[in-house]
Each structure stands twice: as C-alpha cells, then as structure tokens.
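Asker: Line order of the protein sequences matches chains A and B. Numbering-wise (my numbering), the first sequence opens with residue 1404 and increments by one. Numbering-wise (my numbering), the second sequence opens with residue 655 and increments by one. Each residue gets a CB set at the ideal place from its N, CA and C atoms; glycine is no exception. All figures in this text were calculated on a predicted structure; none of them were measured in a lab. Take a look at the following structure, please.
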Amino acid sequence: MTYSNAKTTDESLPRRKPPKTQGLSLNGFWHDQRFRNFVAQAIVIAVVIGFFVYIIGNAQRALSDQGIKTGFGFLMDSAGFAIGESLIPFSASDSFLRAYGVGILNTLKVSFAAIILASIIGVLLGVARLSRNVMLNRFASIYVEVFRNTPQLLQIVFWYMLAVQLPGPKQAFSFGDIAFLSNRGLVLPGPGEGSGFGFALIGLVIAAAGVVFWRRHLEKRLRQTGKKINGLPLSIAIMVIVPAVIWTVFGSPSQIEVPALRGFNIRGGLQLSPEFLALFLGLSLYIAAFIAEIVRAGIASVNKGQIEAATAMGIKNADVLWRVVLPQAMRVIVPPTTAQYVSLLKNSSLGVMIGYPELFNLNNTILTASGNTVEAIIIMMAIYLSLTTTIAVIMNWYNRSVQLKER
Amino acid sequence: MTSHHLISNAQTGASAARPAPVAASGLVHWARHNLFDGIHNTIFTLLCCALLIATVPDLFRWAIWDAAWTSANGADACKATTGACWAVVQEKYRLMLFGTYPYEQHWRGALVVLILGGMSIVSGFRIFWTKWLLVAWGGAWVAIFVLQLGGVFGLVSTPTHLWGGLPLTLLIFFGTVIGGLPVAILLALGRQSNLPIIKALCIGFVEMVRGVPLVTVLFMAALIFPLFVPESMTPDKFVRALIGMLMFFAAYAADIFRGGLQAIPRGQYEAAEALGLPYWQKTTRIILPQTLRIVLPALMNDIIRAFKNTTFIAIIGLFDILGATKSALEDPIWVSYGTEAYLFVIALYFVVCFSMSKYSVSLERDLNKGNVR
C-alpha cells in the first residue's frame, strides 16, 4: 500500500473522507466498548444502591413498628446494665456512650498486653529456631507448629477452662505470698484504686521519650567522633528514676497494695480476671507462633556475606547482631508483623465466647438494651476500623524508619 | 611445617603412630557438636533438659498413667483419679462429632466426613489431577447433599438446622473455600479494572471486611441481616453463616490474588491484547493460570486459616464441633472435664491443619521445581 501510494502522487484522486470520530454513534452502539462499560457500571451501582435502600427501608419500618427511635441520640441515655470489669468507673446509670468507652478500653487493655507478650515470646522463639542447639531448635519448632495449627478460639476456650478449674481463693497458688492464682484469676501486687499510678504512667512515657532522645544523641556522637559510650546504664536509670520521682511527688507510693486473703476472696492489688487471663494468653501465645516464623525468616534473609564481612572487619559479636543483622532483618520483619498485630486486635473480639467485656461483647449488650441495632453496628464497625487503621499507621511510620534509606 | 614433615616422613619411612582421628560420627560426636559446643549452648541444653524433667513425667502420669479411660461407670473413674479423664471423650464423642443431628442418622454424617476426607486425600495427589477428578467431585457432592439433607431414597429428612459437629464444620469449610475463591478472583480482577465505579466498590468491600473482625461479619450475616429483610426472603441460618464466612475469606484471598496479578509481567497482558483476545479470554487463558501458580502457597495459608476459623460459627449459635462440644459439656456429670474434651478437639484440628500445611510445603516445592537451579 505505502509503496504504491508513494508512486502515485496524483492530485486528481478523490480526497479521502476524514476518519469517523469515535463518538457514540447510534448505529450498533452496543458494540461500543465505552457504552458497554457505562451500562455495566450503571447496573452495578443501581443494584448496590437498590439493595441498601431496600435493607435500610426495611430496618426503619421494623424499628418504628417496635417504637424505637432511630438516630444516635440513644448514646446519652442511661445504659441500665453493669459491666464486670472496667478501667473506668461504670454503673448502670451511666450512659451508653460511656459503655462504649469501657469496651474500647478493655479491648485496648487486652490487645496491648497481648501484643507485648506475643512480641517477646515471638522474638525468643524465632531466635531459638535459628539456634544450632538441636534441642532448643526442636522445642521452638514444636511450639510453633502446635500453636499455629490449632484454632485460636479453641485455644482461648481451653485456657478459660483451665483458669476456671483452678482451686478456689482459699487454696490459691501463692507466689511468695504476694501474688495469687485461683479460679478468681491472678492477683498481683499493684496500685490500689485511686492511687497516683496514672502519674507514674505519664512519668514512664516522659522517661521513654528521654531515653530515645539520649540514644539519638549518643548515636550522632558516635557517627561524628567515633567515640562510643555505653548508654545502657543511664537509660535504665532514667526509666526507673523519672516515673518513681513523679509518682512520689504526685501520687503516693504507700498505696502499693499487696493482696491478701480476706474472707472468701483475695482482696487488694491488681486483679486480673480469669476471662482476661484466658483471652490474654489465647491471643498472645497464638500470635507469638506467627511472629516467631516472621522473625526467623527475617533474620535468615540477611545475606551470610554481611555477617562474614562484619566479622572479618573485627566487629564484636554483639555489634554484628545489633548493627549489621537486625537493621537489615527489620526491613523484612516489620510489615508482616504489622498484619499480625492488627489480626490480634481484631481477634480480641473472641472474648465474647468467654464473657470478657470487650468492644464486640459490650456492643451486643448495648444493641439489645437500646434496640438501636443499626446505629450500634455502625459505631462498632467504625471503632474497629479506626483501631486497626491506627495500628497500621503507627507501624507504617515505624516501618519507614527501618526501611533502606536510599539517597 | 606440614609439608616439611611429610617430606621428612617420606624420606625416613618411619614415624610415631598418630592418634586415631576424633570420631566425626556417632552419638557422642553429634551431641558434642549440636548440644554442647560452647558455654551458651551447654547452658541452653541443660535448661531444656531441666524443662523436660520437670514436665514430662508429670504430664505422662496425668495424661496416660493415672488417666481414666472408660466411662463404663459414668464419671466414677474420673472422680477417683487425679489424672486426665479421657472417659469424657468416650462418653460424649457422638455428641461432639455430630451435634444435634438425629442419633440414629449419625452414620450418614460419618459417611459425609469419610467422602469429604477421602476425596480431599485423593485430590492431593497430582497424578489424579484430571477432568475425571472434577467428575468424581461432582458425584461426591450429589451424594453428600443426599446424605446430609435426606428426604429422598427413604432417608429421613434432616434440614440444615439439625446439622452439627464435624460434618457441619467440614461443609462450612468446603463451602467457604469453593464459594470464596471465585468471589476472590472477581474482587481482585475488579480491583485491577479500569472501570472506576467497579474498582471503587471492590476496594471498598475488601478493605472494609479486612478492617473488622470476622465475628462482626458473621454477626451481621447471621443475626442482623434477618432483621432487615422479610422472613420469606431470609435464607436459613447455615446459608447465612456460610455467606459471612465466604465473604471474609474472599476479602483476604482477593488481596493474595491481587498480589499474584501484579506479579504477572506487563508483557503477558500486552501480548494477549496484541493477539486480539477479548477480556475474558485474556484473563482466563493467559493471566489466571499463571497467577494461580504464584499465589498457591499464600492461598494455602489462607485456606488453613479458613479451616481454623470454622470454629467461629459456634459464637453465632451453630453447633459445629466447638459448639457441639460446648453443649455436650453442659451435662452436670461431665461439666468439670472440659479440658480433656477440648484437648481432643484441638488434637483433631491439629492433625488436619498440620497435614495441610505440610502438604502445602511439598506442593510449593513441586511447583518450583522448574525454577530451581
């Protein structure tokens, strides 16, 4: 074609029509891809909207038949039920809103504690899985296989079974007469109600910030001058002294209570219910198995040559671990660990099976007590979504700080 | 030095007998090399031994030596011993394994379990991966529904609200995976689509479901959904629970498929388009077969999780193996032997999940054979 065209440069040839514009022509328009796309999407969106209108319309009708006022006004009404355990005072005359507060705090309490224990056990197991010691290695891998391959809910129910079958308070297992384990749960020495413990917690946060700052300063100094100072003693000192001072000034250290058996129960100190213990163990021991695998894979992913090179340069063993292996392993470890933390928080909702008053469990109570089903579900979903997103955001921020800095 | 010695030895032809080489094999060498090399390892080994000595004898005494095995005299044997009460399993296993299913019809449930288990094992062998396997599965499902539902061939009718125990657990699991995979693929494709509304809906659905606990999804599907639609239009509870499980599984699997789709080189899409293949042909013949291979290991993890998650339906009041065990333990005579009963169920789950995870590892190795150098 092109060849013959090139030859005939005849002006007299009839000029070709300009190509048809690719508009929506009425002729065979159903063959037009864009038209099809438009129709497909219109149908999908019509179906989705129709479904929700239908569902919500039905719900409104059903609820108004039962005389339930829709809307979020119910949050201020008094709840009319009591809650077994709570971080903030709660009584039946308090509002539904406060009940949600209790639920969120209980969920956070168990998740936070479980995340810490899961991380500690997970890291220890992950390192043990890499050990050349066959016995240690085998122990860790048995743990991982057993806890990974059985349902978490069954584990939680199992721990709960064990917890409630413990002997009663009078025959409680005693740990040096300061901590007691019985079928009423675990009692540890701790601040009694209304002590200055909150201040100590604030002090701990301040101290942690101080330690981070002090460490950064040391790191910078090391980079600039090459002088190395062991920052550990001062770090520990800061972590201990600052909260202690703040506690003594604002709170009262005499309010640490040692639990003791009085009457038929053990009173005083920090009371951890059997429900809390079962959920705490069930969440952390299960996730620990997954974290162990992540840690093992992360450390194994560090090229052997890196370790050999560091050793050849005469770097101490501890420094090889902290400055060569771990920084590289963290890049592999952090993202999947984030997913595990999120999963742990979500699975704290399994507390409903054993009666721990976390968010999902309390939401069921609220939903029944108020009758505002739709609103309660929207609130619960929104809370869970924001909690999981918060964890993801915090961990992503941390992840950015461990990722490879490419300049 | 060495070479000097060698030379001088060769010249003189006589030398003192060298000591026998240190054994490089045998138990002692192995123990020294793996358990006692260095002070740290020795400490760890001793700690492990201490742990074993502290736990194993007590555990053995509890679980085997002192255990009560038979429920011939009710719970008497259990009350008399400090060991484990395995008698509870002997006494309650029918209730635990079949739940509320009519007692005389338990053989039908057992047959369903056998068919599903047998077919799964057969499907694990790659030599059977032919179209006849699909035909066999089709036949198996017909048999399963006939057995489980009844009402034909003179079988007593057993509607879904009577289902319970292991058959219910397995049916929910298979339903979740078989129904969830197509939904997951569609969601993943939708997420890659260039139709903005469909893309947004798929992203919204996947992220929404992944951001909330499975319990809440199940709760919505099983307990809240019926409030919103007229009774005549509500599917029964088994189906509602299945839909909840399926949606949750699909949202997670969709994310795995998305990763797989992204791992396919751009050139594959372009080549398919250059050949003039329409969208569905391009997707089903070129893209998906390659994706499936990439995502299989991750997918197996999700499938194992789906099996573990079947226990969640006990929370919404279905009598799966956990729910059935829980209700079996309401018997006041046996109520205090829950630990043993749950250990039995845990062991059951462990056997299945452990085999699945080992199979997944071997399958992954098999599929990667072509890539191993």
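(1) Could you work out which residues of chain A lie near B/V999, taking near to mean beta carbons separated by less than 7 Å?
(2) Along the stretch 1755-1773 of chain A, what residues have a CB closer than 7 Å to any CB found in chain B?
(3) Figure out for me which residue from B/V766, B/G772, B/G844 has the closest Cα to the Cα of B/L787.
(4) Determine which residues of the stretch 760-773 of chain B have a Cβ less than 8 Å from any Cβ of chain A, and write them out in chain order.
(5) Does B/G898 come out as helix, strand or coil in the three-state DSSP assignment?
(6) Do we get a CB-CB distance below 7 Å when we pair B/P986 with the residues of chain D?
(7) If you pair each beta-carbon of the stretch 1688-1696 of chain A with each one of the stretch 1718-1725 of chain A, do three or more pairs fall below 8 Å?
(8) Does the distance from the C-beta atom of A/L1682 to that of A/T1510 stay below 7 Å?
(9) Does chain B have any CB closer than 7 Å to the CB of A/A1462?
(10) B/S1014 touches chain A at which residues, Cβ-Cβ below 7 Å?
(11) Below 8 Å on C-beta distance, what does A/A1801 contact in chain B?
(12) Are A/L1528 and A/A1543 closer than 7 Å when you measure CB to CB?
(13) In angstroms, rounded to a whole number, what distance separates the CA positions of B/R748 and B/D974?
(14) Per DSSP, what kind of secondary structure is A/Q1806 in: helix, strand or coil?
(15) In chain order, what residues of the stretch 818-835 of chain B put their CB closer than 9 Å to some CB of chain A?
(16) Roughly how many whole angstroms lie between the Cα atoms of B/P813 and B/F799?
(17) Which same chain residues end up closer than 6 Å to A/L1478 when comparing Cβ atoms and leaving out the 5 residues on each side of it in sequence?
(18) Please determine if the stretch 1738-1750 of chain A and the stretch 1764-1782 of chain A are in contact, where contact requires at least 3 C-beta pairs separated by less than 8 Å.
(19) Taking buried to mean at least 16 other C-beta atoms within 10 Å of its own C-beta, is B/F873 buried or exposed?
(20) Going along chain B in order, which residues have a C-beta closer than 8 Å to the C-beta of A/R1535?
(21) With a cut-off of 7 Å, does the C-beta of B/F1004 fall near any C-beta of chain A?
(22) Tell me whether the stretch 741-755 of chain B and the stretch 807-827 of chain B touch, counting them as touching only if at least three CB pairs, one residue from each stretch, are closer than 8 Å.
(23) When the cut-off is 7 Å and only beta carbons count, does B/G865 lie next to chain A?
(24) Distance, Cα to Cα, A/P1760 vs A/A1482?
(25) Starting from the C-beta of B/S981, find all residues in its chain whose C-beta is less than 7 Å away, skip the five residues before and the five after it, and write them out in chain order.
(26) Which term fits A/I1559, buried or exposed, when burial requires 16 or more other beta carbons within 10 angstroms of its beta carbon?
(27) Which of helix, strand or coil does DSSP assign to B/G829?
(28) Residue ranges of each alpha helix (DSSP H) run of no fewer than 4 residues wholly in the stretch 743-778 of chain B, ordered along the chain?
(29) For the stretch 988-1007 of chain B against the stretch 907-927 of chain B, do three or more pairs of beta-carbon atoms, one drawn from each stretch, fall closer than 8 Å, so that the two count as touching?
(30) Give the straight-line distance between the Cα atoms of B/D909 and A/L1490, rounded to the nearest whole angstrom.
(31) Is the CB of B/W962 under 7 Å away from at least one CB in chain A?
(32) For a quick check, are the C-beta atoms of B/G598 and A/M1564 less than 7 Å apart?
(33) Given 8 Å as the limit, is there contact between the stretch 842-859 of chain B and the stretch 788-807 of chain B, that is, 3 or more CB pairs closer than that?
(34) B/V949 and B/F911: beta carbons closer than 7 Å?
(35) Just by C-beta distance, which residues in the stretch 1510-1522 of chain A are closer than 8 Å to chain B?
Answerer: Reading from the atomic positions:
(1) Near B/V999 (Cβ distances below 7 Å), the residues of chain A are L1557.
(2) Taking 7 Å as the Cβ-Cβ cut-off against chain B, the residues of the stretch 1755-1773 of chain A that qualify are V1755, M1756, F1763.
(3) Among B/V766, B/G772, B/G844, the Cα nearest to that of B/L787 belongs to B/G772.
(4) Those residues of the stretch 760-773 of chain B that come within reach of chain A (Cβ to Cβ, closer than 8 Å) do not exist; the list is empty.
(5) Three-state result, B/G898: helix.
(6) Looking at the structure shown, chain D is missing, and the protein chains on hand are A and B.
(7) The answer is no - the stretch 1718-1725 of chain A does not touch the stretch 1688-1696 of chain A, with fewer than three Cβ pairs under 8 Å.
(8) Cβ atoms of A/L1682 and A/T1510: not closer than 7 Å.
(9) Interface flag for A/A1462 against chain B is set, since a Cβ pair is found closer than 7 Å.
(10) Per Cβ cutoff of 7 Å: no residues; B/S1014 is ~12 Å from chain A at best.
(11) Sequence check: residue 1801 of chain A is Tyr here, not Ala. The premise fails here: A/Y1801 is roughly 20 Å from chain B at the closest Cβ pair, so nothing lies under 8 Å.
(12) It is a contact, given that the beta carbons lie within the stated cut-off.
(13) Spanning the alpha carbons of B/R748 and B/D974 requires a straight line of approximately 13 Å.
(14) A/Q1806 falls in the coil class under three-state DSSP.
(15) Considering only beta carbons, no part of the stretch 818-835 of chain B lies closer than 9 Å to chain A.
(16) Just so you know, the alpha carbons of B/P813 and B/F799 end up roughly 11 Å apart.
(17) So the list reads F1499, L1500, once near-sequence residues are dropped.
(18) Inter-segment contact for the stretch 1738-1750 of chain A and the stretch 1764-1782 of chain A is absent: fewer than three beta-carbon pairs are separated by less than 8 Å.
(19) Using a 10 angstroms sphere on the CB of B/F873, the tally of other CB atoms reaches 16 or more, which defines it as buried.
(20) Residues of chain B passing the Cβ test: N688, D691, N695.
(21) Yes, because at least one Cβ of chain A sits closer than 7 Å to the Cβ of B/F1004.
(22) Yes, the stretch 741-755 of chain B is in contact with the stretch 807-827 of chain B.
(23) Yes, contact with chain A.
(24) If I take the Cα positions, the gap works out to 15 Å.
(25) Only F973 meet the Cβ criterion.
(26) So A/I1559 ends up on the buried side.
(27) The answer is helix: DSSP assigns B/G829 an H, G or I state.
(28) Note on the stretch 743-778 of chain B: whole alpha helix (DSSP H) runs with a minimum of 4 residues are 760-778, in chain order.
(29) Cβ pair count under 8 Å is below three, so no.
(30) Going by the C-alpha atoms only, they are around 37 Å apart.
(31) Correcting the residue identity first, residue 962 of chain B is Lys in this sequence and not Trp. Proximity of B/K962 to chain A, defined by a Cβ-Cβ separation below 7 Å, is satisfied.
(32) Since the displayed chain B opens at 655 and closes at 1027, residue 598 of chain B lies outside it and no answer follows.
(33) Segment contact: the stretch 842-859 of chain B against the stretch 788-807 of chain B, fewer than three CB-CB distances shorter than 8 Å; contact not assigned.
(34) Less than 7 Å divides the Cβ of B/V949 from the Cβ of B/F911.
(35) Contact annotation: in the stretch 1510-1522 of chain A, no residue has its CB less than 8 Å from a CB in chain B.
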